[in-house]
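Engineer: Handing you a structure now.
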Amino acid sequence: MAVYLNKENALVIRNSNAMFYTYERKILRTIEFNAKQNKTTEVLFDQAHYQYYTQENKAIALFDPETYMLYAIRLEVSTKTSKTEETILIPMDKIK
Numbered sequence: 003m004a005v006y007l008n009k010e011n012a013l014v015i016r017n018s019n020a021m022f023y024t025y026e027r028k029i030l031r032t033i034e035f036n037a038k039q040n041k042t043t044e045v046l047f048d049q050a051h052y053q054y055y056t057q058e059n060k061a062i063a064l065f066d067p068e069t070y071m072l073y074a075i076r077l078e079v080s081t082k083t084s085k086t087e088e089t090i091l092i093p094m095d096k097i098k
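Under my numbering, think of the first position of the sequence shown as 3, with each following residue one higher.
Rendered as structure tokens:
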């Protein structure tokens with residue numbers, strides 16, 4: 003899995019089956035708004051979720067518990083025998 007900013011400064015999440023999903027600032031602000039309304043600090047990016055037999059990939063948006071601003075994405079990759087998590091800080095000021 004990968005998280006990066008593309009040439010248009012939009013957030014891209016790529017999962018292990020080579021699919022990628024692009025999120026512009028407007029979409030991310032909507033996700034923040036929904037997180038605040040639901041009072042949740044974690045939201046699964048449903049589109050980027052991938053499961054094939056015992057392999058599963060998740061991208062989870064992390065929000066500040068007071069302001070509900072998106073600050074990071076946690077990637078989770080799990081198989082039958084192991085699980086790996088990595089949290090990546092998001093430069094929201096650079097996303098257009």
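A virtual CB, placed ideally from N, CA and C, is assigned to each residue, including glycine.
1) Tell me, which residues are paired with THR81 by DSSP?
2) Helix, strand or coil, according to DSSP, for PHE22 in the structure here?
3) Return the bridge partner residues of GLN57 from the DSSP annotation.
4) Per the DSSP calculation, ALA100 is bridged to which residue(s)?
5) Just the Cα atoms here: how many angstroms apart are GLN57 and ALA50?
Structural biologist: Reading it off the structure:
1) THR81 is not bridged to any residue.
2) When DSSP states are grouped into helix, strand and coil, PHE22 belongs to the strand group.
3) Answer is TYR54.
4) Residue 100 is absent from the model: the chain starts at 3 and stops at 98.
5) Roughly 14 angstroms separates the two Cα atoms.
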